[in-house]
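Taking it in order: structure first as structure tokens, then the write-up.
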Amino acid sequence: MLFLICVQDFHCNFCLCSYCSSFPHHEEHAPAHYKFDYGVHDPHTHDVKSQWEHRDGHHIKGAYTLKEADGTTRLVEYTAGPHSGFNAVVKRIGHAHHPGHYGHHKGGHGGDSFVGVTHWGFPY
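Heads up, the final residue of the sequence shown is numbered 124 in full-length UniProt numbering, and it's a clean run with no missing numbers.
Have a look at this one:
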């Protein structure tokens, strides 16, 4: 029984190899085509972003947005192609919101520190 299995396996491999070698191997490489998009809006982590992209052959067009820490939205629009390369246009949308200052200045010395005395405001 073992001998028969080995012979049968050898015979199948031989047939497969002779079958493959009798026909020329031709593999087509068609240009890629795809579209995708996604978005995230997580109120717990404040992660807000989205992206979309289309590819038609060798030409790609897309954009992504993300919410910056200062409250603005960054918009990046991009294209890519075999002759033009990769090109991106970055825009900032909205007005930045910066946190208020904590502590105050005292006549040219450093502000209040919750860690200890700062190097520029050390009392002599």
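By construction, the Cβ of each residue, glycine as well, lies at the ideal position given by its N, Cα and C atoms.
Backbone secondary structure at residue i - three-state DSSP
i	result
Thr45	coil
Ala96	coil
Gly71	coil
Glu28	coil
Gly57	coil
Cys6	Confidence is the limiting factor: at Cys6 the pLDDT is only 41, short of 50, which leaves the residue's position unreliable, though a coordinate-based value still follows. It is helical.
Residues sharing a beta bridge with residue i, DSSP
i	result
Gly81	Gly85
Gly39	Ser50
Own chain, CB closer than 7 angstroms to residue i, minus 5 neighbours either side, in chain order
i	result
His98	Asp70
Chain-order list of residues whose beta-carbon lies under 6 angstroms from that of residue i (same chain, five-residue window excluded)
i	result
Gly57	Pro31
Own chain partners of residue i with C-beta closer than 8 angstroms, once the 5 adjacent residues on each side are dropped
i	result
Val40	Asp47, Val48, Lys49 and Ser50
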